[in-house]
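In our numbering, the protein residues as written are 3 to 711.
We put the CB at the ideal spot given by N, CA and C, even for glycine.
Comments concern the structure below.
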């Protein structure tokens with residue numbers, strides 16, 4: 003099930019960086035694009051300007067002040083609210099993910115017809131001048147170095163982003179395009195020593211970094227090094243590159259290809275729809291390129307920050323109000339555990355920072371994270387309705403619960419999932435206020451609905467906040483019982499939380515008082531349906547809620563949606579067993595919002611008329627929301643039983659549709675094939691003896707692989 007040959011290569015010929023061909027090894031990333039010169043960007047996830055925005059250090063930057071100013075209604079208080087909590091995200095160029103620039107190759111004789119091909123099975127870009135191959139490039143998974151082999155004489159140099167030391171106009175796809183920004187660094191110092199070339203970029207702190215290269219014959223080895231690696235980071239990088247060169251291109255590439263063969267073989271999906279299948283494979287290629295155990299999880303742009311001499315879109319941060327959650331929503335079912343568990347490891351590592359933030363900003367004990375977060379877990383500001391919403395932490399913390407559910411790792415439950423969720427539960431409970439026997443948050447919202455206006459604060463508790471809190475304390479009650487802790491506290495909290503607000507005609511609302519009034523990109527009010535599964539598509543009452551809510555969503559239309567909206571709506575359609583609509587949304591997503599290289603560009607940049615947004619700021623999260631929705635069409639398991647091919651569109655039912663090694667809850671690996679409505683193959687690999695219901699039939703499984711059909 004490795005797919006057709008035409009699905010394994012991506013061809014490009016472009017002068018635009020976000021249409022180039024991406025490479026990555028989870029540590030450094032590169033994009034190959036351009037013609038004369040050929041451009042190879044160099045980036046890494048932890049390249050950041052971590053200077054704090056001074057406003058976040060003010061005494062007034064706290065939750066008590068946020069509550070006071072949000073509820074005041076006075077013009078001067080609104081102005082101060084905006085200064086302290088909303089405007090700071092874009093007000094200063096730091097803190098921010100930053101870019102390192104690129105290597106530029108000039109060939110002799112000059113290349114006149116450059117194109118490039120990415121083999122996603124081996125994560126290798128080949129560069130051509132007409133029909134002649136002139137270079138191969140890969141970011142080696144073993145040595146962590148970038149490797150270039152040229153087949154024609156060439157020279158190379160560095161391009162260092164202008165905004166680092168001089169003001170440039172904003173071209174990142176958001177904000178005012180005429181606004182000029184600079185980090186104000188001193189100009190970089192470019193140096194050479196024999197076979198080595200590098201530049202050193204100093205900043206306003208002790209932190210410094212640079213691209214380092216080493217040339218050996220027709221091979222160029224490169225990396226991006228920083229003072230966080232070593233005090234003498236340039237020398238350390240030189241040593242690393244020399245070791246890679248001593249191993250040589252062939253041996254490095256052989257081990258690199260072996261890694262990617264193993265990675266690509268972890269699971270597979272084949273629907274027979276060329277666009278869907280290609281996008282799915284490209285998405286997991288990108289995931290394996292920018293998410294790796296032992297390193298950092300992907301922020302908004304992973305290891306491919308915009309190469310346009312400007313700050314990256316939304317500063318390339320960790321956005322915990324959809325982006326990180328969607329980015330790490332589908333890796334478990336795709337059986338990419340090793341690559342995806344970096345997210346829970348990252349959250350756990352930053353637990354002390356989140357405990358400090360809970361204490362200093364919210365004034366409570368426990369765990370709360372800033373939704374717009376720096377690499378080291380500090381607040382960046384932004385629209386306070388989501389950047390400083392306490393319940394965002396619950397959504398991020400769901401990743402611990404999901405990891406346990408899909409692995410069955412009881413030690414992880416005991417030492418990671420339950421302690422983290424318990425810390426979140428403690429902090430949220432301390433914020434809740436009791437009124438008439440019910441518990442309410444002092445401020446409640448439904449990101450990103452009503453944007454950064456005063457109207458964005460809804461009547462507590464919004465369905466978004468309520469769904470997350472009900473999920474949290476329901477989960478804590480269950481796990482407390484499993485682990486021998488006392489569940490009484492969580493049971494009491496649940497009894498004091500309202501039920502999900504549903505209108506008389508069955509539509510899930512924003513809060514008790516209103517429905518979503520207009521088309522909107524974010525379905526935060528529908529968290530109770532997906533991904534929290536508080537309301538399943540089971541009883542007639544619940545089916546009616548799904549159908550009426552979907553009717554309302556369709557009535558409002560897609561005019562103000564962005565890329566992730568199409569993926570998230572497909573998830574909800576899949577839950578309602580509506581395969582036709584789920585497929586249509588995924589097809590629209592692939593056609594309108596995904597470039598040929600697999601990058602998700604947020605807006606309907608090809609102008610198919612899907613939305614009013616036609617911009618193209620690159621982020622990653624929607625690709626994995628797309629994968630998740632496709633998984634749910636093929637395999638649903640949230641009820642404790644497995645339902646295969648639950649939401650196939652009509653046009654797929656007469657063709658062969660299959661998947662291999664999708665992971666189900668409890669650590670089961672399921673492979674199945676269907677044609678003409680009949681399951682023709684079904685294999686389940688179980689980690690231990692167990693029973694499981696599949697499509698209404700209960701099977702007794704032995705440890706290991708079980709052939710059921």
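Cutoff 6 Å; reference residue i; Cβ partners in own chain excluding five residues on either side
i: residue 454; result: 88, 385
i: residue 474; result: 396, 427
i: residue 212; result: 200, 201, 202, 203
i: residue 166; result: 185, 187
i: residue 28; result: 294, 297
i: residue 515; result: 461
Which residues DSSP lists as bridging residue i, in chain order
i: residue 160; result: 105
i: residue 134; result: 131
i: residue 31; result: 26, 45
i: residue 121; result: 11, 126
i: residue 362; result: None; residue 362 has no bridge partner.
i: residue 151; result: 138, 221
i: residue 661; result: 271, 674
i: residue 347; result: Beta-bridge pairing links residue 347 to no other residue.
i: residue 442; result: 435
i: residue 1; result: Past the boundaries of the shown model lies residue 1; the chain is included only from 3 to 711, so the question cannot be answered.
Within 7 Å, strictly: CB atoms of residue i and residue j
i: residue 347; j: residue 293; result: no
i: residue 629; j: residue 285; result: yes
i: residue 39; j: residue 107; result: yes
i: residue 50; j: residue 99; result: yes
i: residue 147; j: residue 131; result: no
i: residue 627; j: residue 569; result: yes
i: residue 55; j: residue 363; result: no
i: residue 490; j: residue 581; result: no
i: residue 624; j: residue 602; result: yes
i: residue 423; j: residue 349; result: no
i: residue 668; j: residue 410; result: yes
i: residue 673; j: residue 639; result: no
i: residue 369; j: residue 318; result: no
i: residue 138; j: residue 110; result: no
Chain E within 7 Å of residue i, Cβ atoms only
i: residue 652; result: The displayed structure is made up of one protein chain only, and chain E is not part of it.
7 Å CB neighbourhood of residue i in its chain, flanking five on each side removed
i: residue 526; result: 448, 449, 451, 466
i: residue 606; result: 594, 595, 612, 613, 615, 616
i: residue 460; result: 446, 447, 448, 512, 513
i: residue 676; result: 647, 659, 682
Element boundaries [beta strand (DSSP E), containing residue i]
i: residue 715; result: Residue 715 is absent from the structure shown; the chain starts at 3 and stops at 711.
i: residue 12; result: 11-14
i: residue 713; result: Residue 713 is absent from the structure shown; the chain starts at 3 and stops at 711.
i: residue 427; result: Counting along the chain, residue 427 falls outside any beta strand (DSSP E), though it belongs to the alpha helix (DSSP H) covering 420-433.
i: residue 1; result: Here the chain has residues from 3 to 711 only, and residue 1 is not among them.
i: residue 536; result: Note, residue 536: premise wrong, no beta strand (DSSP E); not H, not E.
i: residue 677; result: 670-677
i: residue 707; result: 706-709
i: residue 193; result: 191-195
i: residue 479; result: First-last for residue 479: 465-484, but that is the alpha helix (DSSP H), not the beta strand (DSSP E).
i: residue 292; result: Element bounds for residue 292: not the beta strand (DSSP E) but the alpha helix (DSSP H), 276-292.
i: residue 692; result: 692-696
CA-to-CA distance, residue j to residue i, given in whole angstroms
i: residue 264; j: residue 256; result: 13 Å
i: residue 9; j: residue 659; result: Residue placement at residue 9 is poorly supported in this model, since its pLDDT is 49, which falls under 50; the coordinates are not used for a value here.
i: residue 45; j: residue 495; result: 46 Å
i: residue 305; j: residue 226; result: 12 Å
i: residue 535; j: residue 221; result: 53 Å
i: residue 281; j: residue 592; result: 7 Å
i: residue 680; j: residue 696; result: 14 Å
i: residue 52; j: residue 92; result: 15 Å
i: residue 299; j: residue 405; result: 15 Å
i: residue 698; j: residue 539; result: 16 Å
i: residue 69; j: residue 303; result: 33 Å
Enclosing alpha helix (DSSP H) for residue i [first to last residue]
i: residue 233; result: It is not in any alpha helix (DSSP H) - residue 233 carries neither H nor E in the DSSP assignment.
i: residue 77; result: 77-83
i: residue 553; result: 542-558
i: residue 333; result: That residue, residue 333, is in no alpha helix (DSSP H); it is neither H nor E in DSSP.
i: residue 700; result: Not the alpha helix (DSSP H): residue 700 falls in the beta strand (DSSP E), residues 699-703.
i: residue 2; result: Residue 2 is absent from the structure shown; the chain starts at 3 and stops at 711.
i: residue 494; result: 490-497
i: residue 387; result: 386-389
i: residue 71; result: 65-74
The ligand ZN heavy atom lying under 6 Å from the CB of residue i
i: residue 653; result: Because no ligand of any kind appears in the structure shown, any question about the ligand ZN cannot be addressed here.
Cβ neighbours of residue i in the same chain (closer than 8 Å, five flanking residues each side left out)
i: residue 470; result: 393, 396, 397, 529, 534
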